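Engineer:
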Amino acid sequence: MAKTEIRVGGLGGQGVILCASIIGKAASIHEGKNATLIQAFGPEARGSACSAQVSVSEETIGYPYVTNLDILAVMSQDAFNQFAPTLKPGGLLLYEEELVKLNDRLPKEVKAFAIPATRFAEEVGRRLVLNIVMVGFFAGVTKLCSFEAFRKATLDSVPKGTEDLNIKALQKGYDFGLKLVSG
Amino acid sequence: MKADPKGVLTGVHFLDGDHAACEGAIAAGCRFVAGYPITPSTEVVERFAARIPTVGGLFIQMEDEIASSIAIQGAVWGGKKVMSVTSGPGLSLMMEHIGFAVWTETPCVWVDVQRCGPSTGLPTQPAQQDMQQIKWGSHGDYEIIAISPNSPQECFDLMIKAFNLAETYRCPVFFMMDEVVGHMTERVEIPSADKIEITPRKYTKKKPGEFTLYATTEDDLVPEMVKAGDGYKIHTTGLTHDERGYPAMTIQAQEKMMSRLINKIRQNAHKLVDVRMDSCEGADVVVVSYGITSRIAHAAIDEARANGLKVGHARLVICWPFPEKLFAELAVKVKAFVFPELNMGQMVRELDRAVAGKAKVISVPHAGGTVHEPKIILDAIVEATR
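As you go down the protein sequences, you meet chains A and B in turn. If you're matching positions, the first sequence starts at 194 in the working numbering and goes up one per residue. If you're matching positions, the second sequence starts at 1406 in the working numbering and goes up one per residue.
#1: Output needed in chain order: residues of the segment 211 to 235 of chain A with a Cβ under 8 angstroms from some Cβ in chain B.
#2: Compare the C-beta of F1561 of chain B with all C-beta atoms of chain A and state if any pair is closer than 7 angstroms.
#3: Could you give the distance in angstroms between the alpha-carbon of P309 of chain A and the alpha-carbon of V326 of chain A?
#4: Between A:S248, A:I254, A:A305, which has its C-alpha nearest G284 of chain A's C-alpha?
#5: Can you confirm whether P257 of chain A, when its beta carbon is compared against all beta carbons of chain B, has any partner nearer than 7 angstroms?
#6: Taking just the CA atoms, how far does V1743 of chain B sit from K372 of chain A?
#7: Which residues in the same chain have their Cβ closer than 7 angstroms to the Cβ of L1414 of chain B, if we skip the five residues on either side of it in sequence?
#8: Excluding five sequence neighbours on each side, which residues of the same chain lie with their C-beta closer than 6 angstroms to the C-beta of S384 of chain A?
#9: Where does A238 of chain A sit, in a helix, a strand or coil, going by DSSP?
#10: Within 10 Å of its beta-carbon, does A238 of chain A have 16 or more other beta-carbons around it, so buried, or fewer, so exposed?
#11: Use the C-beta contact count for N1569 of chain B: other C-beta atoms within 10 angstroms, 16 or more gives buried, fewer gives exposed.
#12: Just curious, the alpha helix (DSSP H) that G1429 of chain B is in, first and last residue?
#13: Between which two residues does the alpha helix (DSSP H) harbouring Q1478 of chain B extend?
#14: Mapping DSSP to helix, strand and coil, what is E1734 of chain B?
#15: Please name the residues in the segment 1692 to 1726 of chain B whose beta-carbon is closer than 7 angstroms to at least one beta-carbon of chain E, in chain order.
#16: Please report the straight-line C-alpha distance between K361 of chain A and I1550 of chain B, rounded to a whole angstrom.
#17: Is it the case that the segment 1589 to 1607 of chain B contacts the segment 1450 to 1461 of chain B, given that we only count it when at least three CB pairs across the two stretches are under 8 angstroms?
#18: Exposed or buried, what is Q1478 of chain B when buried is set at 16 or more other beta-carbons lying within 10 Å of its beta-carbon?
#19: Return yes when at least one heavy atom of the ligand ZN lies under 6 angstroms from the C-beta of V326 of chain A, else no.
#20: So, helix, strand or coil for C212 of chain A, using DSSP?
#21: Based on Cα-Cα distance, which residue from B:C1521, B:K1638, B:H1718 lies nearest to G1614 of chain B?
#22: Could you give the distance in angstroms between the alpha-carbon of D357 of chain A and the alpha-carbon of L1496 of chain B?
#23: To which residues does DSSP link V1514 of chain B through a beta bridge?
#24: Quick one, which of B:E1629, B:Q1534, B:P1770, B:A1472 has its alpha-carbon nearest K1611 of chain B's?
#25: Would you mind working out which of A:K196, A:L299, A:L323 sits nearest N274 of chain A, comparing C-alpha positions?
#26: Report the residue ranges of all alpha helix (DSSP H) runs contained in full by the segment 1523 to 1602 of chain B; include only those spanning at least 4 residues, in chain order.
#27: Using a Cβ-Cβ distance cut-off of 7 angstroms, determine whether R1592 of chain B contacts chain A.
#28: Return no unless some Cβ of chain A is closer than 7 angstroms to the Cβ of M1406 of chain B.
#29: Whole angstroms are fine: how far does the CA of G318 of chain A sit from the CA of R312 of chain A?
#30: Quick check: is the beta carbon of F1419 of chain B nearer than 7 angstroms to any beta carbon in chain A?
#31: Can you list the residues of chain A that H1771 of chain B reaches, using a CB-CB cut of under 7 angstroms?
#32: With a cut-off of 8 angstroms, do at least 3 Cβ pairs link the segment 1649 to 1659 of chain B to the segment 1677 to 1695 of chain B?
#33: Return the chain-ordered ranges of every alpha helix (DSSP H) run that is complete within the segment 1617 to 1700 of chain B and spans a minimum of 4 residues.
#34: With distances taken from CA atoms, which of B:G1416, B:M1488, B:L1747 is nearest D1463 of chain B?
#35: Rounded to whole angstroms, what's the CA-CA distance from P1458 of chain B to K1411 of chain B? Just pull it up for me.
#36: In terms of residue numbering, what span does the alpha helix (DSSP H) encompassing F331 of chain A cover?
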């Protein structure tokens, strides 16, 4: 398998890094691949731009940065505007449909998948789990790893006592993603 | 001896380099850190401060790096394994005390998560600009050991090596990370404690009264240690001293002490060679690298090989002492060396000296702030084959 290059973008406080971290964990710990996560590190606080890059490969990962973006998952308009033009032809865009409106920055050859992730998060109990809905959506659309790998990675990563809520969020996003790609 | 299981977080984790370095230190037996947080090294001490109360140890946030770098040395003489953690600006402040650790032979590990300088520079961006500073930054002549990891897994594994070497040679050991390695997250496997070999401190078996603090033999230039509170009356000082540790203000004492401290590293330099060689036999060009740059070089080398070029890779894991003999021997077998670094050409000076004109040496400098574009390294490789 060639290297899969992923970027997750949004606002500080949305759980962007956690979302990317669960993807990396699912691949590297629960599915035996290699994954490298690099987070945009700057003086960001809540509400400002935030992004993370994940490379996943069967091979050893040398160069750690994303240069040829396969998959972009975004939870803010700024992140879309900044990173959508870097998607490679044939790449995938996953976006939160209430937070992101597509515009002419989206390259023509990209496949775009929308999800009402904030609404889903509210439905399962808390808007806060938007990022986990996005992880589930990512899992369902990309099938980069098994659902089980994502489930375990999520359980490893979320605070004790919130497991049920987060797994519901993950499942909701996953089912929606699966239906979207198969339908 | 084996690691204390209390400090070993056995399992498979998804950790960044800073956190992995911290786990490596705790597994290696580090039980005291005095630090002054600085980007991009802060996560190391942040984790240590959170973890160490559960293991049994202490973290103190000091008023500055100067205080940190001497507090750790007090703790060594109190019997602890220690480290201080910083980045370039903090390292500059610690220089005086690094010399003190050299001259008093106080085993400490200094972690430097390198960022762009000089001065405040680019605090959140990577560089490898402190590689010569650690060797020459404190006044006087001395030898140190420096290790450069290129992944979170190595931040764990090599940190144990760093602590072990500090005990073996009783000299400062520098753990030269950089912002990318520090903030990069990957799978880290932490073995069980019984799989981790720890070098214990070289405590004397002699009784008080029979023990001389800095006595050594011709075969072993590293003296034994004692710790405060065990009944030994000892004195150590940054002044030139005799075997008892008392000031000895003579040219003869200076000569004797300097020779021993230099030779305890130089005479063992062959044991301190850790260069990961990949296809250097029969290569026309060998790329030399260390730390994060080795991973970027790898990408360039793969491409060069795909284009039919015979390229080897020599990655320095131990950067100081520089493996001069290895490169002097390799120099007669290759056309050229290519040496990318995230600085304006620091370790390449050592390579140039070792190669002594027997092959071309091409420096691929970088002002810092990000890593090289692999293409720039590839271009240098192609140039080198001409």
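For each residue, glycine too, the CB sits at the ideal point set by N, CA and C. Everything numeric in this text was worked out from a predicted model, so none of it was measured.
Structural biologist: Here's the rundown:
#1: Residues passing the 8 angstroms Cβ filter: S214, G217, K218, S221, I222, N227, A228, T229, L230, I231, Q232, F234, G235.
#2: No, no contact with chain A.
#3: Going by the C-alpha atoms only, they are around 9 angstroms apart.
#4: If you compare the alpha carbons of A:S248, A:I254, A:A305 with that of G284 of chain A, the shortest gap goes to A:A305.
#5: P257 of chain A has a beta carbon lying within less than 7 angstroms of a beta carbon in chain B.
#6: The C-alpha of K372 of chain A lies about 52 angstroms from the C-alpha of V1743 of chain B.
#7: Leaving aside the five residues that flank L1414 of chain B on each side, the residues in its chain whose CB is nearer than 7 angstroms to its CB run, in chain order, E1428, I1595.
#8: In this structure chain A extends from 194 to 376, so residue 384 of chain A is not present and cannot be described.
#9: Any answer about A238 of chain A is weak, because its pLDDT of 49 lies below 50 and its placement is not dependable; what the coordinates show is given next. In the structure shown, A238 of chain A sits in coil (DSSP, three-state: anything other than H, G, I, E or B).
#10: Reliability of the predicted coordinates at A238 of chain A is poor, the pLDDT of 49 falling under 50, and the value obtained from them is presented with this limitation in mind. Its Cβ having fewer than 16 others within 10 Å, A238 of chain A is exposed.
#11: Buried.
#12: DSSP places G1429 of chain B inside the alpha helix (DSSP H), whose first and last residues are 1422 to 1433.
#13: Per DSSP, Q1478 of chain B belongs to the alpha helix (DSSP H) from 1470 to 1482.
#14: Looking at E1734 of chain B - three-state DSSP - the assignment turns out to be helix.
#15: No chain E appears in the structure shown, which is made up of the protein chains A and B.
#16: I1550 of chain B has its alpha-carbon roughly 52 angstroms from the corresponding atom of K361 of chain A.
#17: Verdict: no, contact absent.
#18: Result: buried.
#19: The ligand ZN is not part of this structure, which contains no ligands at all.
#20: Reduced to three states, the DSSP call for C212 of chain A is helix.
#21: Of B:C1521, B:K1638, B:H1718, the residue nearest in Cα terms is B:K1638.
#22: Roughly 46 angstroms between the two C-alpha positions.
#23: Under DSSP, V1514 of chain B shares a beta bridge with B:M1488, B:V1578.
#24: Cα-wise, what sits closest to K1611 of chain B is B:E1629.
#25: Among A:K196, A:L299, A:L323, the Cα nearest to that of N274 of chain A is on A:L299.
#26: With a minimum length of 4 residues, the continuous alpha helix (DSSP H) runs that stay inside the segment 1523 to 1602 of chain B are 1538 to 1541, 1557 to 1574, 1584 to 1588.
#27: Look at R1592 of chain B: its C-beta is under 7 angstroms from a C-beta on chain A.
#28: Judged by the 7 angstroms Cβ criterion, M1406 of chain B is not in contact with chain A.
#29: Distance between the alpha carbons of R312 of chain A and G318 of chain A: 10 angstroms.
#30: Yes, its Cβ sits closer than 7 angstroms to a Cβ of chain A.
#31: For the C-beta of H1771 of chain B, not a single chain A residue is nearer than 7 angstroms; the gap to the nearest is close to 14 angstroms.
#32: Touching, no.
#33: Whole alpha helix (DSSP H) segments, 4+ residues: 1656 to 1671.
#34: The residue asked about is misnamed: residue 1463 of chain B is Leu in this sequence, not Asp. Minimum Cα distance to L1463 of chain B is reached at B:M1488.
#35: So the two alpha carbons sit approximately 11 angstroms from each other.
#36: Here the alpha helix (DSSP H) through F331 of chain A covers 323 to 335.
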